[in-house]
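Residue numbers (my numbering), protein chains in the order written: chain A, 1 to 344; chain B, 1001 to 1207.
What follows is the structure in structure tokens.
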């Protein structure tokens, strides 16, 4: 059966902060290099599943100098983080819209996070990867929906999902079992019931409320970097502690103490430090606003496809000329056709 | 194509043996063409040899092709009418035979539901056609007797105690039923607790 101690989740996917930062850095650098080399960062999936950078190498461009000046700006690591965060929230919303069980959105978000440890956001389109992650997570969590159903539900092309499936699996190194904090949460609550019954007659009602509140906290924790840094048990307890601050259902300190007494492997102090770290991470991270994301998204589009940048520049020029035209029509000058740029 | 189909139907009403045999080769049962049986029946065993039977079939195909293509339509129709007359007696005899077979099959089919009722008492009362297994005689037992297969085209599916909605199910009964079903599979509520607890305590530490 599923045992965390022997799982790949524990072996490969719990990292330290330095490791995390390093991986993001590597992916980002690689994408920037590709941008300089090929002019575009996007990676395309071929028929046989191999990945290719389709942009043309800049040295062979005829108007090479022009290209250099209009090279799109790559995303910084922080911007990448914001984009990722936005799409992770989107995953949660999509899963809620489909009324999937809770664990599916957790698994999908984790897949998404893990995938973007290997690859940069500029290289694979986050929207496609998001859909593929949801699809895969449904498969893994034994709640299969066909790609067509998924496509119909959100009006997206199911072929995109199927094309990217293998890429995502490879990006995850085929480590597909994910431990979400929800079951650990239930486990700790059961334990808490026994503990509480021993001391006073706090009603089960209060514990139920605590459970619901803690689930909300877990949802927000999942959106941060924490699942890659801490184990699900720690996340669950931290969420319980945070929820308890408001609900006041149980004396958390005493419960933690009794837990540590029963399992002497963990010390009270270490656990508290961990929970503090988790809390600070959660408090510090914020959900990006739509307005902030618009410029980043545009940048991303240009990185992936610099052709769009030139097109939009042309369009801007057209618009400017049109507005000039309109204003000049009122006067009788004949300078209208002065611009030779309508060579599309 | 539709024209050919309708012509084949008409011919089949006259020459249903052809349809039946063709379908037999394809593995269909004759039940689909039963309703087409009007006139007469000629089967393989009616013919002295395989060659003769094949000749007959070829004749039928010729007729059909002629009618479909509109070649010599009148002559073909005359041929068909003549054939009908010649074999009128045959038609009647074969038809009777076919009807008899059908009735026998239906009887056997109907024989099943009487015995397969899941109500234990009825099973016990129905004393014996031979071949009953002992468990089937237990009152209150839900066993169905296994019968040798192939004696009827299809066994009638019987759903168990809730087949007829004589007792309207409310929420409570439904929940009880689901829980009973889960427990029959070895599940207990305790398993959920144990698993959650194991995962919680096991995943608290990396090292």
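Just so you know, even glycine gets a beta-carbon here, dropped at the ideal spot from N, CA and C.
Can you tell me the Cβ-Cβ gap for residue i and residue j, rounded? I've got them flagged as a contact below 8 Å.
| i | j | result |
| --- | --- | --- |
| residue 130 (chain A) | residue 90 (chain A) | 6 Å |
| residue 167 (chain A) | residue 52 (chain A) | The Cβ separation is near 12 Å, so there is no contact. |
| residue 28 (chain A) | residue 83 (chain A) | Going by Cβ atoms, the distance from residue 28 (chain A) to residue 83 (chain A) rounds to 12 Å, so no, they are not a contact pair. |
| residue 95 (chain A) | residue 32 (chain A) | At roughly 33 Å, the Cβ-Cβ gap does not stay under 8 Å, so residue 95 (chain A) and residue 32 (chain A) are not in contact. |
| residue 1063 (chain B) | residue 1008 (chain B) | With a Cβ gap of about 10 Å, residue 1063 (chain B) and residue 1008 (chain B) do not count as contacting. |
Under a CB-based cut-off of 7 Å, is residue i close to chain A?
| i | result |
| --- | --- |
| residue 1200 (chain B) | yes |
| residue 968 (chain B) | Given that chain B is displayed from residue 1001 to residue 1207, the structure contains no residue 968 (chain B) and the question cannot be resolved. |
| residue 1191 (chain B) | no |
| residue 1206 (chain B) | yes |
| residue 1006 (chain B) | no |
| residue 1188 (chain B) | no |
| residue 1032 (chain B) | Note that residue 1032 (chain B) has pLDDT 37, beneath the 50 cutoff, so the model's placement of it is unreliable and the number below is only indicative. Not closer than 7 Å to any Cβ of chain A, the Cβ of residue 1032 (chain B) fails to qualify, so no. |
| residue 1203 (chain B) | yes |
Closest by CA to residue i, which one among the options?
| i | options | result |
| --- | --- | --- |
| residue 248 (chain A) | A:214, A:26 and A:296 | A:214 |
| residue 73 (chain A) | A:133, A:279 and A:304 | A:304 |
| residue 120 (chain A) | A:40, A:265 and A:312 | A:40 |
| residue 87 (chain A) | A:103, A:159, A:320 and A:115 | A:115 |
| residue 286 (chain A) | A:163, A:85 and A:15 | A:85 |
| residue 1077 (chain B) | B:1059, B:1047, B:1105 and B:1089 | B:1059 |
| residue 106 (chain A) | A:227, A:36, A:17 and A:30 | A:227 |
| residue 173 (chain A) | A:112, A:186, A:16 and A:94 | A:112 |
| residue 1203 (chain B) | A:205, A:313 and A:184 | A:184 |
| residue 298 (chain A) | A:7, A:75, A:117 and A:159 | A:75 |
| residue 128 (chain A) | A:165, A:149 and A:289 | A:165 |
| residue 186 (chain A) | B:1103, B:1056, B:1193 and B:1094 | B:1193 |
| residue 234 (chain A) | A:203, A:118 and A:267 | A:267 |
| residue 124 (chain A) | A:293, A:80 and A:136 | A:80 |
| residue 34 (chain A) | A:54, A:204 and A:147 | A:54 |
| residue 11 (chain A) | A:231, A:289 and A:103 | A:231 |
Please tell me whether residue i has its Cβ less than 7 Å away from any Cβ of chain B.
| i | result |
| --- | --- |
| residue 8 (chain A) | no |
| residue 274 (chain A) | no |
| residue 183 (chain A) | yes |
| residue 101 (chain A) | no |
| residue 197 (chain A) | no |
| residue 179 (chain A) | yes |
| residue 252 (chain A) | no |
| residue 171 (chain A) | no |
| residue 186 (chain A) | yes |
| residue 366 (chain A) | In the structure as shown, chain A starts at 1 and stops at 344, and residue 366 (chain A) therefore has no counterpart that could be examined. |
| residue 4 (chain A) | yes |
| residue 14 (chain A) | yes |
Give a single yes or no on whether residue i has its beta carbon closer than 6 Å to a heavy atom of the ligand MG.
| i | result |
| --- | --- |
| residue 223 (chain A) | Annotation note on the ligand MG: not contained in the displayed structure, which lists no ligands. |
Touch test, the region 176-183 of chain A against the region 127-142 of chain A, Cβ-Cβ under 8 Å, three pairs minimum: yes
The region 148-160 of chain A in contact with the region 186-194 of chain A per 3-pair CB rule at 8 Å: no
Contact between the region 219-226 of chain A and the region 251-270 of chain A (3+ Cβ pairs under 8 Å): no
Validate contact between the region 232-248 of chain A and the region 266-284 of chain A using beta carbons, cut 8 Å, 3 pairs: yes
Interface residues of the region 220-243 of chain A facing chain B [CB-CB below 8 Å]: 231, 232, 233, 234, 236 and 237
Touch test, the region 1001-1009 of chain B against the region 1058-1073 of chain B, Cβ-Cβ under 8 Å, three pairs minimum: yes
Touch test, the region 258-277 of chain A against the region 226-240 of chain A, Cβ-Cβ under 8 Å, three pairs minimum: yes
Chain-ordered residues of the region 257-268 of chain A with a beta carbon less than 8 Å from chain B: 263, 265 and 266
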